[in-house]
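The block underneath contains the structure these notes are about, expressed in structure tokens.
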Amino acid sequence: MSEMDERGHPVDDLSALLDGELETGERDRVESHLAGCSGCRALLEDVRRLDAAVGAEAIPPVPPGLERRIRAGLGARTGGAPEAERSGRATVWRSWRASMPLAAAASLIVAAAIWLLRPVPSEVPRPETPQEQASRPEMSPPEPPVARGDERKKDAGASARAQSDAISRESAPPATRPVPPAAEAAPGQNVASVDKQEPARKSARALESEAPRRLEAAADAAPAPVAPSDTRDRPAMAQVEPLSQSATDSISPRAAAGRVGWPVRIEAPPYDVLLTAEDAMVVSAGSWICRVAIDAADGRRLAALARSAPPGGTVAQLGAAQPSAPQPGATPPRAAQPPPPRPSAADAALSAIRERYRAQIEARCGPLPR
Amino acid sequence: MSPTPKPPGVRSLGLVHETAGAAAAEHESVTESELVGRARSGDQEAFGRLMETHLERVWVLVWRVLRHREDTEDVVQEVFLTAWRSLPGFRGEASLATWLGKIAVTRALNHLDRGGVKVSRNAVPIEPGSGDGQRTAGLAREPEDGRPAASPLRVLEARDLGRRLADCLGRLPPAWRAALALRHQDQRAYEEIARALGLALGTVRSRLSRARLALRECVESGT
Numbered sequence: 007m008s009e010m011d012e013r014g015h016p017v018d019d020l021s022a023l024l025d026g027e028l029e030t031g032e033r034d035r036v037e038s039h040l041a042g043c044s045g046c047r048a049l050l051e052d053v054r055r056l057d058a059a060v061g062a063e064a065i066p067p068v069p070p071g072l073e074r075r076i077r078a079g080l081g082a083r084t085g086g087a088p089e090a091e092r093s094g095r096a097t098v099w100r101s102w103r104a105s106m107p108l109a110a111a112a113s114l115i116v117a118a119a120i121w122l123l124r125p126v127p128s129e130v131p132r133p134e135t136p137q138e139q140a141s142r143p144e145m146s147p148p149e150p151p152v153a154r155g156d157e158r159k160k161d162a163g164a165s166a167r168a169q170s171d172a173i174s175r176e177s178a179p180p181a182t183r184p185v186p187p188a189a190e191a192a193p194g195q196n197v198a199s200v201d202k203q204e205p206a207r208k209s210a211r212a213l214e215s216e217a218p219r220r221l222e223a224a225a226d227a228a229p230a231p232v233a234p235s236d237t238r239d240r241p242a243m244a245q246v247e248p249l250s251q252s253a254t255d256s257i258s259p260r261a262a263a264g265r266v267g268w269p270v271r272i273e274a275p276p277y278d279v280l281l282t283a284e285d286a287m288v289v290s291a292g293s294w295i296c297r298v299a300i301d302a303a304d305g306r307r308l309a310a311l312a313r314s315a316p317p318g319g320t321v322a323q324l325g326a327a328q329p330s331a332p333q334p335g336a337t338p339p340r341a342a343q344p345p346p347p348r349p350s351a352a353d354a355a356l357s358a359i360r361e362r363y364r365a366q367i368e369a370r371c372g373p374l375p376r
Numbered sequence: 009m010s011p012t013p014k015p016p017g018v019r020s021l022g023l024v025h026e027t028a029g030a031a032a033a034e035h036e037s038v039t040e041s042e043l044v045g046r047a048r049s050g051d052q053e054a055f056g057r058l059m060e061t062h063l064e065r066v067w068v069l070v071w072r073v074l075r076h077r078e079d080t081e082d083v084v085q086e087v088f089l090t091a092w093r094s095l096p097g098f099r100g101e102a103s104l105a106t107w108l109g110k111i112a113v114t115r116a117l118n119h120l121d122r123g124g125v126k127v128s129r130n131a132v133p134i135e136p137g138s139g140d141g142q143r144t145a146g147l148a149r150e151p152e153d154g155r156p157a158a159s160p161l162r163v164l165e166a167r168d169l170g171r172r173l174a175d176c177l178g179r180l181p182p183a184w185r186a187a188l189a190l191r192h193q194d195q196r197a198y199e200e201i202a203r204a205l206g207l208a209l210g211t212v213r214s215r216l217s218r219a220r221l222a223l224r225e226c227v228e229s230g231t
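In order, the protein sequences belong to chains C and P. When we follow this note's numbering, the leftmost residue of the first sequence carries the number 7, and every step to the right adds one. When we follow this note's numbering, the leftmost residue of the second sequence carries the number 9, and every step to the right adds one.
Listed below in structure tokens is the structure:
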């Protein structure tokens, strides 16, 4: 199943090549073509780059209380239908509300017709009939069961809100929603937020190369707001202390680790490593970038190491077994910084993980830059 | 390089600590099976533990398809409530993670279909079959002399790249995003993605390819 474009380039095969989904014969043919086609090589590199950036995109954390709400909705399986339908009703309600403007317009027309065709004109309003009373809830439906209760409980007047809500859902960009303080944001956003607030610190981050900045930007660009995570509801892996602003301020330019949610970022010059919630590791250095799937246990081990580093501490050197010399132009670590905890253990663990995935990384993206 | 399949249950329980290995895998597998068995017979606590383990992964998957926090919240609730109701019919042929992933993607796509939700609220979607993402797009700027083309993507400012990427992901057809989301979760094999989406293998391959090419073209063009 091989596809060539009209100019004979295996464009549609590059994605499958990247994913390791080509059969041997196909792969040989595509690789042979790549050896002589700079355009296809450039395209493959672009796709690989974008793929890594997509994988490193910051995802908003699970909202506080969501797990509790789901648990509350479970009910007994045999008799739990009304409760179990709550979340579905929330969505049905939303769709229903979206159709409210039309329904309201139709009702107005009917009401006007009834008024014009009434048999006995009278200045005195006649009392409502039981049928009319019964029909009123269709115009002013009750509040739906609460799925994300807080917001929906707060506002009443569903009929009036239906129109504005339907409109806002269509047009309001996610960015119009409130954004929580930077200290509560995801790790990538933490670092980026510091950059925004303190431009002077940018120079201290001089060893940030192109790819790490791209990753940060990708993390920054998550369109949905990031809420503080509710550690009570999160798996053990994500149960970490929020990083305070003061702690963020004292993060060393040479090494930093995010502490809330995902992705977890580790600066280990010359590499910048992002661990994603999907058990992937995105390693970048300069313009080189690579994303590989890693074992969940390795992901946890790396995340634990990253999170155990004190603010300002160096996590470890992921890229080199021996401590590396400071990068040219890099700001040296501050003298007051506390030494990293058990650096030898961290080094050993990181080296082991690096070596375990070296073959996979290099097969996918070429040699690890030194 | 084929993705290495993971033993069922190794990752999904979220209880794996530092000693991953065959024995641990076996243990975790049994543990998840036990929890599934208990949940199947109506044990809410057991289901709650399974949910703790899988909630974040389901959340990520649904968000990648919907790219809207409130919608994701609704759909994730639906996913777990559906799973709770349907668990008696879960035969364990696929891992629980795969089963939940299938429910999640189906529910997310249904949500978009049924609600008339415009995922990229202000943007023009990239339509399948339009010029975006077609084969010729990839090499439109290929130089005749065969020298490496200067990719605009590589000279983009970092922040621009991030913004454009987010925007372009939101403009991809949801079905393409679903394929990408499944691929990014655990680097799933095409065969597994095909099963989850109910598609032929070739369709998955084509969809992923077009999604990536469309993404690249969209990011580069900045429109």
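Cβ atoms here follow ideal geometry from the backbone N, Cα and C, with glycine treated the same way.
R191/P classed as buried or exposed, judged by whether at least 16 other C-beta atoms fall within 10 angstroms: It counts as buried.
Selected residue, minimal CA-CA separation from A62/C, among W184/P, L169/P, P181/P: When only C-alpha atoms are compared, the closest one is L169/P.
Contact set for V66/P: own chain, Cβ-Cβ below 8 Å, skip 5 residues either direction: Closer than 8 Å at the Cβ level, and outside the excluded window around V66/P, lie V84, V87, F88, L108, G109, A112.
Residue from E27/C, P375/C, L49/C with nearest C-alpha to Q195/P: The candidate whose alpha carbon is nearest that of Q195/P is E27/C.
Beta-ladder partner(s) of V17/C, from DSSP: Answer by DSSP bridge pairing: none, since V17/C is not bridged.
Residue-chain proximity (S217/P, chain B), Cβ-Cβ < 8 Å: Chain labels in this structure do not include chain B; the protein chains are C and P.
Residue-chain proximity (R46/P, chain C), Cβ-Cβ < 8 Å: Output row for R46/P: interface = no.
Close Cβ partners of L116/P (< 6 Å) along its chain, the five nearest in sequence each way excluded: The identity of residue 116/P in the sequence shown is Ala, whereas the question assumes Leu. Closer than 6 Å at Cβ, skipping near neighbours: V70, V73, L74, V83.
Where the beta strand (DSSP E) containing D278/C begins and where it ends: Counting along the chain, the beta strand (DSSP E) containing D278/C begins and ends at 277–281.
Chain-ordered neighbours of L108/P on chain C, where CB pairs are closer than 7 Å: For L108/P, there are no C-beta contacts with chain C under 7 Å, since the nearest C-beta of that chain is about 13 Å from it.
Segment contact, 8 Å Cβ cut-off, at least three pairs: the segment 46–64 of chain P with the segment 174–185 of chain P: No, because fewer than three Cβ pairs between the segment 46–64 of chain P and the segment 174–185 of chain P fall closer than 8 Å, the two stretches do not touch.
Nearest-angstrom beta carbon gap, I65/C and V68/P [assumed within contact, 8 Å]: About 5 Å; that satisfies the 8 Å criterion.
Proximity of L56/C and R122/P at Cβ, strictly below 8 Å: In terms of Cβ geometry, L56/C and R122/P do not form a close pair [threshold 8 Å].
Within 8 Å, strictly: CB atoms of A187/P and L221/P: No, the Cβ-Cβ distance between A187/P and L221/P is not below 8 Å.
Rounded straight-line distance, which links the Cα of L120/P to that of I296/C: At residue 296/C the sequence reads Cys, which differs from the Ile that was named. Computed Cα separation, rounded: 32 Å.
Residues near R172/P in its chain [Cβ-Cβ closer than 8 Å; skip 5 each side]: So the qualifying residues of the chain are L164, C226, V227, G230.
Assigned secondary structure, A365/C (DSSP; H/G/I helix, E/B strand, else coil): DSSP places A365/C in helix when its eight states are reduced to three.
Euclidean distance between Cα positions of T211/P and W184/P: Near 10 Å, if we compare the C-alpha coordinates of W184/P and T211/P.
Whole-Å CB distance - L50/C paired with L20/C, under 8 Å assumed: The Cβ separation is near 5 Å, so the contact holds.
Buried or exposed by the 16-neighbour rule on C-beta atoms within 10 Å, applied to P96/P: Burial call: exposed.
Proximity test, Cβ basis, 8 Å: F88/P and chain C: Closer than 8 Å: yes.
Inter-residue Cα distance where the pair is C46/C and V36/C: In a straight line, the C-alpha of C46/C is about 10 Å away from that of V36/C.
Residue from A302/C, L356/C, A303/C with nearest C-alpha to V279/C: Checking every option, the nearest Cα to that of V279/C belongs to L356/C.
Closest by C-alpha distance to A303/C, when choosing among A41/C, L281/C, A291/C, C371/C: Of the listed residues, the one whose Cα sits closest to A303/C is L281/C.
Buried or exposed by the 16-neighbour rule on C-beta atoms within 10 Å, applied to P69/C: So P69/C counts as buried.
Partner residues on chain P for E27/C, Cβ-Cβ distance less than 8 Å: Residues of chain P with a Cβ closer than 8 Å to the Cβ of E27/C are, in chain order, S10, A197, Y198, R213.
V289/C beta carbon less than 8 Å from that of I367/C: Contact: yes.
Expected contact under 8 Å - CB spacing of P276/C and A291/C to nearest Å: With a Cβ gap of about 5 Å, P276/C and A291/C count as contacting.
C-beta neighbour in chain P for S290/C, strict 8 Å: False, the Cβ-Cβ gap to chain P never drops below 8 Å.
Within 8 Å, strictly: CB atoms of E81/P and L24/C: In this structure, L24/C does not lie closer than 8 Å to E81/P by Cβ.
A299/C at chain P interface by Cβ criterion, 8 Å: Output row for A299/C: interface = yes.
Assigned secondary structure, K202/C (DSSP; H/G/I helix, E/B strand, else coil): Low confidence applies here, because K202/C scores a pLDDT of 33, under 50, leaving its location unreliable; read the following figure in that light. In the structure shown, K202/C sits in a helix (DSSP, three-state: H, G or I).
Any C-beta of chain P under 8 Å from that of I367/C: Judged by the 8 Å Cβ criterion, I367/C is not in contact with chain P.
Strand pairing of A299/C, partner residues [DSSP]: Paired residue(s): A286/C.
Distance between beta carbons of T106/P and A204/P, contact taken as under 8 Å: Right, the Cβ-Cβ distance comes to about 7 Å (below 8 Å), so this counts as a contact.
Top-ranked residue by Cα proximity to R99/P, from A208/P, Y198/P, V44/P: Distance check between R99/P and each of A208/P, Y198/P, V44/P places V44/P closest, using alpha-carbon atoms only.
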